[in-house]
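In what follows, a single structure is set out as structure tokens and then discussed.
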Amino acid sequence: MPENETTWDYTLYVPNDHRAVTVCRRTLRLILTLHGLIGLVDTAELLAAELVSNAVRHTKGPAALRVRRTREGAVWIGAWDTDPAPPDPPRPWDQALREEGRGLGLVTACADVWGWQPSSRFGRRGKYVWCELTAA
714 MPENETTWDY TLYVPNDHRA VTVCRRTLRL ILTLHGLIGL VDTAELLAAE LVSNAVRHTK
774 GPAALRVRRT REGAVWIGAW DTDPAPPDPP RPWDQALREE GRGLGLVTAC ADVWGWQPSS
834 RFGRRGKYVW CELTAA
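Using my numbering, read the sequence shown as starting at 714 and increasing by one per residue.
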């Protein structure tokens with residue numbers, strides 16, 4: 714990464730389509746690789762897939778993946794969707810073997826921090842569910 718390149722910000726808008734999850738994962742892999750953050754790729758892909766999958770599965774509108782590098786050096790990954798309601802809380806790990814509902818549990822386990830915030834895109838209300846990874 715060039716010395717003067719400390720922060721960056723990418724947003725990928727996707728339709729409500731299950732294939733969007735794969736598009737987001739591959740795009741994120743490319744972004745992190747090109748910025749020299751290959752060590753974060755596997756975990757970041759898992760987190761982005763969970764966040765975007767939730768956005769596509771639980772809403773009817775478009776979604777977006779946002780990934781940025783903060784001034785502090787962390788990588789912030791967020792998924793926007795059109796539903797302003799907060800996400801369901803993560804399930805305890807004793808329920809993690811269920812087929813559904815374990816996404817935020819994985820995010821909680823793998824990210825340094827996660828959260829959600831109300832947001833608006835496309836002139837509609839919605840929310841971002843996000844997490845951060847520390848770039849070593």
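Ideal placement from N, C-alpha and C gives every residue a C-beta, glycine not left out.
Ordered list of alpha helix (DSSP H) runs contained in the segment 715 to 800, each at least 4 residues: 733 to 747 and 754 to 771
Cutoff 6 Å; reference N717; Cβ partners in own chain excluding five residues on either side: Residue confidence is low: N717 scores 47 on pLDDT, short of 50, so the model does not pin down where it sits. Its coordinate-derived value is still stated next. Excluding positions up to five away in sequence, the list is empty.
Residue of A798, R838, V765 and T847 minimising C-alpha distance to L725: V765
Cα-Cα separation, G839 to G828: 14 Å
Neighbourhood of Q830 by C-beta distance below 6 Å, restricted to the same chain and skipping five residues each side: Y841
Whole-angstrom C-beta distance between V734 and A762, which should lie under 8 Å: 5 Å
Residue interval of the alpha helix (DSSP H) (run including G816): G816 to C823
Reference W793; option with closest CA among P802, H771 and G786: H771
Buried or exposed (CB count within 10 angstroms, at least 16 for buried), G816: buried
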